[in-house]
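A.B. asks: Using this note's numbering, the letters of the sequence shown correspond one by one to residues 1 to 185.
We treat Cβ as the ideally placed atom computed from N, Cα and C, and that holds for glycine.
Take a look at this one; I'll ask things after.
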Amino acid sequence: MAKLDGLKKVCEECKGCPLWESRKNLVFGVGNEDADIMFIGEAPGQQEDEQGVPFVGAAGQLFDRYLFAVDIPRESVYIANILKCRPPRNRDPLPAEEDACIEHLYKQIEAIDPKIIVCLGRVSAKRLIDENYMITKQHGKWQTKGGRHITAVYHPSALLRDPAKKADMLEDMKAVKAKLDTLRA
Ligand code: URA
């Protein structure tokens, strides 16, 4: 039994907000349960809901290219979201949905115990770093929280909408890799 199996079962049965009714699949998280680094997005989209796996749609495929570019194997990391069920029509998560789901994520983080957390996008950064976080101004900046290094980068969907952000994303991801290398040295 993997160490997150119990928590996954709790999430499968969770009715803490109404999203369990409209989802096709729970999108619990994927990757190495002993990862040094966790990437945390916002909420599952359509493809993720269909497959039960985070970041497998267009945004996920673009994200994979950044992982590859900075030499971080996807299998070595753990990827999750603030919400584990898809909001209808990909709307932003409601505060009540985040409140209902966040304890599951905190438990997931505790169990994996990563050295680094990277928030993918505004929603994740506002929830995990600072409610006033401004992604355009603060992306790529580092702080420590609860003994972990934490930063935020643009959400890959934002890069699909605005390719001008891609250069910043590459720099931020290079810094993520450098931080990972330093902590492993
Ligand atoms: N966007 C997210 O924030 N998470 C996913 O899993 C997919 C798209």
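For His104, write down the residues that DSSP places opposite it in a beta bridge.
C.D. replies: For His104, which the question treats as bridged, DSSP gives no partner whatsoever.
A.B. asks: On the premise that Lys115 lies in contact with His139, defined as a C-beta separation below 8 Å, what is that separation, rounded to the nearest angstrom?
C.D. replies: Contact doesn't hold; Cβ gap of about 20 Å is too wide.
A.B. asks: Name the residue from Ala164, Asp5, Ala58, Gly146 whose alpha carbon lies nearest to the alpha carbon of Leu128.
C.D. replies: Selected option, being the one with the closest Cα: Gly146.
A.B. asks: Going by C-alpha to C-alpha distance, which of Asn32, Leu180, Phe28 sits closest to Glu42?
C.D. replies: Answer by Cα proximity: Phe28.
A.B. asks: What ranges does the beta strand (DSSP E) occupy inside the segment 75 to 159, keeping only unbroken runs of at least 3 residues that lie completely in it?
C.D. replies: Entirely contained in the segment 75 to 159, the beta strand (DSSP E) runs reaching 3 residues are, in chain order, 78 to 81, 116 to 120, 143 to 145, 148 to 153.
A.B. asks: Once DSSP output is grouped into helix, strand and coil, what is the label at Phe28?
C.D. replies: In the structure shown, Phe28 sits in coil (DSSP, three-state: anything other than H, G, I, E or B).
A.B. asks: Less than 8 Å separating the beta-carbons of Arg74 and Leu67?
C.D. replies: Cβ atoms of Arg74 and Leu67: closer than 8 Å.
A.B. asks: Kindly indicate which three-state DSSP category Gly41 falls into: helix, strand or coil?
C.D. replies: Correct three-state label for Gly41: strand.
A.B. asks: Below 8 Å between beta carbons: does that hold for Ile112 and Met38?
C.D. replies: Cβ distance < 8 Å, so Ile112 and Met38 count as in contact.
A.B. asks: Go ahead and pull the three-state DSSP assignment for Glu33.
C.D. replies: Three-state DSSP puts Glu33 in coil, outside helix and strand.
A.B. asks: Would you mind stating whether Ile40 and Ile117 have Cβ atoms separated by less than 8 Å?
C.D. replies: A contact, by the Cβ cut-off of 8 Å.
A.B. asks: Do you know offhand how far Leu4's Cα is from Ala167's?
C.D. replies: If you take the alpha carbons of Leu4 and Ala167, they lie about 35 Å apart.
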